[in-house]
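Chains as they are written, first to last, in the numbering used here: chain D, -17 to 67; chain L, -15 to 497.
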Amino acid sequence: MIDPVAAFIYKQLEKKAPLPPEDTIATYRYLDRGHVDSIGLIKFIFEIEDEFQIQFASEETQSDEFRTIGGLISIIRRKMAEQSE
Amino acid sequence: MASPIFSAFQKWVELTPHKTALSFNDLSFTYEMLSDSAQKLAAGMTDAGIKPGDHIGVVLPNCPEFIFLMLAAAQIGLAIVPHNSSMSAAALASAFAASDVKHLVGWHSVLADLKNATISPFNSKESVWISLGGSVDDCMNFSSMLTRNLPMQKQPDITGDQPYIFSLTSGSTGEPKPIVLLQSTKMARAHAAQTLYSITSNDVTLAATPLYHSLAERLVLLPLITGGTAVLMATFSAKDWLATVGRHNVSFSIAVSSQLKQILPEIRNQPNLANSLRCLVSSSALLDSRLKAELLSYLACDFHECYGTSEIAIASNLSRKNGESKLASVGNAAPGVVIKIIDENNNELAADQPGEIACNTPMRFAGYYKRNDLTRAAMLGDYFKTGDIGKIDKDGFLYFLGRKKDIIITGGVNVYPQDVENVIMQHPLICECAAIALPDEQLGEIVAVAIVTNDREKLNIRDLQRLSAKQLADYQQPRRYILLDELPKNRMGKVMKRELTEKYTSEKYDTQL
């Protein structure tokens, strides 16, 4: 069973374009590849914030970690864990 | 009579069945394969009860299946209504309703969202939903339709007058104005591009914008009806664009000027990757002259800039040679196009007099769907009034001076301020607002909103951003919020947007993302 954070991110990204194969998905640089472009980024960020009831800090959205799917999922999980503490 | 688009394509299927017609990522399709998939889809749709003349809503990412659908729709006389998947389900439903969409072809998760949306006017018994990428209850599966071997039924008679693509100009909350393009319009546009850019069957044409916009649709249809090869990118990044050009020996493309700005640094690093380009066209907005000069210093190919609107496609063309002597011009009339400048009383103006740009062209649209009032208002005899302000010099070169219509063009995509304003006004603390265009180095223009609130303390800009993210498509998102005590208005009470634009073009903003 795929975890809900990954499932949501995949779902949002797949609407825009097909995703790379499973084994490379975590390192896929979805921002650099234009999968989410600068026009779509704001909406993408707010959709994630809304879904998981979190709020990204600008250092997070500007970090290198945010630019890969794996990194983005880690940031979301970390923030969710911090909130439940 | 067979469909003009499908017949033109099928001619090349017979002549060059094994030639690559379409490349997408690592996939490639020969003319024969593409024709086979399109015909199977057409047979499956016919079998499911879809009839010639039906309107099909399309919400798909860039993918080969979109092209199968475009060809199948041409073959059996369907009108496709493509839309952006980033619109909310409610907005999609309303946009589709304005075009009398009966059936849907969409990415599975988008269809699932639409099914859950309570307003779904086209959710009737006769309505066929086709899902791609996964299964959705009560929907046909796109991929399985391609594996069935249904007998092809008798080909319906399809003429050039058959509506083929409804291009949606306005978004959701405003007034959707579907632009009707007939099969003959698409053919005329393809022929014009073929003549203007000397396209032949040897060309490899790259489409790197979303297929729900007419530019990419044209860039795919053009090679398919002229025997060339289409290369479709799933998404755009400057690095991938140049790598794709190099890898597929791309010889022709039309890029949005904001894309070319991003591509320049990549070409600077690896100019030889662009060696296969024979002709490159910049569209949407005029390129900055310094940027253009540098770009051309790396490119040995033919280079054009064009001016046009969705309703008329290309109006004027600026060739590389003319670009050197006619700086800042958007070129002279494209073949078959007559351009004139008119005053407020529709009288033609003399050379160098600024006024509204009007065009008479065989490429013009068939009207706004079910909006004869708007169509009539936009036409002056055979001339389409563009809503743009320009002048023509004594040599016949057109200069774009600004827009009469209140429209924001961000990254080549039209945003109607009303759509944005309607959403912002839903926030209880906003008394009034005005969406305006502000210049942006990368996107040409961005959406900014000047807002007036009745409670500065309580107003949280993030709430406005969240509201916009929920209800507006990605390209419609405001990038700047300007907090004001009141909006500047003229004596008639009309918001003076030009003043706002001028003031905030140079100033710092209250909120910057």
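Even for Gly, the Cβ is constructed at its ideal location relative to N, Cα and C.
All values derive from a computational prediction rather than experimental measurement.
- The criterion of a C-beta distance shorter than 8 Å is satisfied by Leu451(L) and His411(L).
- Look at Lys369(L) here: in three-state DSSP terms it is strand.
- For the segment 427 to 444 of chain L, residues whose beta-carbon sits nearer than 8 Å to a beta-carbon of chain D comprise Leu427.
- In this structure, Leu130(L) and Ala27(L) do not form a Cβ contact; the two beta carbons are roughly 10 Å apart against a cut-off of 8 Å.
- Phe236(L) sits in a strand when the DSSP states are folded into three classes.
- The segment -9 to 8 of chain L makes no contact with the segment 90 to 102 of chain L; the number of CB pairs closer than 8 Å stays below 3.
- In its chain, beyond the 5 residues on either side, Leu333, Gly339 have a beta carbon closer than 7 Å to the beta carbon of Asp327(L).
- An exposed status is given to Ala335(L), since fewer than 16 other beta-carbon atoms sit within 10 Å of its beta-carbon.
- With its beta carbon at least 8 Å from every one in chain L, Ala39(D) lies outside the interface.
- Nearest neighbour of Lys(-7)(D) by Cα position, chosen from Asp122(L), Ser69(L), Met(-15)(L), turns out to be Ser69(L).
- Taking 8 Å as the cut-off, the Cβ atoms of Val42(L) and Leu53(L) count as close.
- Taking a 10 Å sphere around the C-beta of Leu279(L), we find 16 or more other C-beta atoms and assign the residue as buried.
- Per DSSP, reduced to three states, the secondary structure at Arg252(L) is helical.
- At the C-beta level, Tyr352(L) and Lys161(L) come within 8 Å of one another.
- Beta-carbon to beta-carbon, Ala174(L) and Leu206(L) are separated by about 5 Å, close enough to satisfy the 8 Å threshold.
- The alpha-carbon of Phe(-10)(L) is positioned some 5 Å away from that of Gln59(L).
- Here Ile209(L) has Ile(-11), Ala(-8), Phe(-7), Ala174 as same chain residues with Cβ atoms under 7 Å from its own Cβ, once five neighbours each way along the sequence are excluded.
- Residue Ile430(L) holds the alpha-carbon nearest to the alpha-carbon of Val397(L) among Asp379(L), Asn474(L), Ile430(L).
- Closer than 7 Å at the C-beta level to chain L, one finds these residues of the segment -17 to 6 of chain D: Lys(-7), Glu(-4), Lys(-3), Lys(-2), Ala(-1), Pro0.
- Non-local C-beta neighbours of Gly428(L) in its own chain, meaning closer than 8 Å and more than five positions away in sequence, comprise Ser241, Ser242, Ser268, Ala269, Ile393, Thr394, Gly395, Gly396, ordered along the chain.
- By the criterion of at least three beta-carbon pairs nearer than 8 Å, the segment 190 to 200 of chain L is in contact with the segment 211 to 225 of chain L.
- In this model, Phe384(L) and Ala297(L) are separated by some 16 Å (Cα to Cα).
- The beta-bridge partner set that DSSP reports for Pro162(L) consists of Leu152(L).
- Shown here, Tyr459(L) sits in a helix according to DSSP, grouped into three states.
- Here the alpha carbons of Gln461(L) and Leu471(L) stand approximately 21 Å from one another.
- In the three-state reduction of the DSSP assignment, Thr6(D) falls in the helix class.
- Among the bridge pairs identified by DSSP, Trp113(L) is matched with Leu88(L).
- Assignment of beta strand (DSSP E) within the segment 257 to 321 of chain L, counting only whole runs of 3 or more residues, yields 263 to 267, 286 to 293, 297 to 303, 315 to 317 in chain order.
- Under the Cβ distance rule, Asp14(D) counts among the residues neighbouring chain L, one pair being separated by less than 8 Å.
- Note on the segment 393 to 447 of chain L: whole alpha helix (DSSP H) runs with a minimum of 4 residues are 401 to 408, in chain order.
- Just so you know, the alpha carbons of Glu31(D) and Asn331(L) end up roughly 54 Å apart.
- Closer than 8 Å to the CB of Lys25(D) there is at least one CB belonging to chain L.
- Residues of the segment 461 to 481 of chain L with a C-beta atom less than 8 Å from some C-beta of chain D are Gln461, Arg463, listed in chain order.
- Among the CB atoms of chain L, none fall inside 8 Å of the CB of Asp46(D).
- Under the Cβ distance rule, Cys263(L) does not count among the residues neighbouring chain D, no pair being separated by less than 8 Å.
- Residues of the segment 203 to 220 of chain L with a Cβ closer than 9 Å to any Cβ of chain D, in chain order: Met217, Ala218, Thr219, Phe220.
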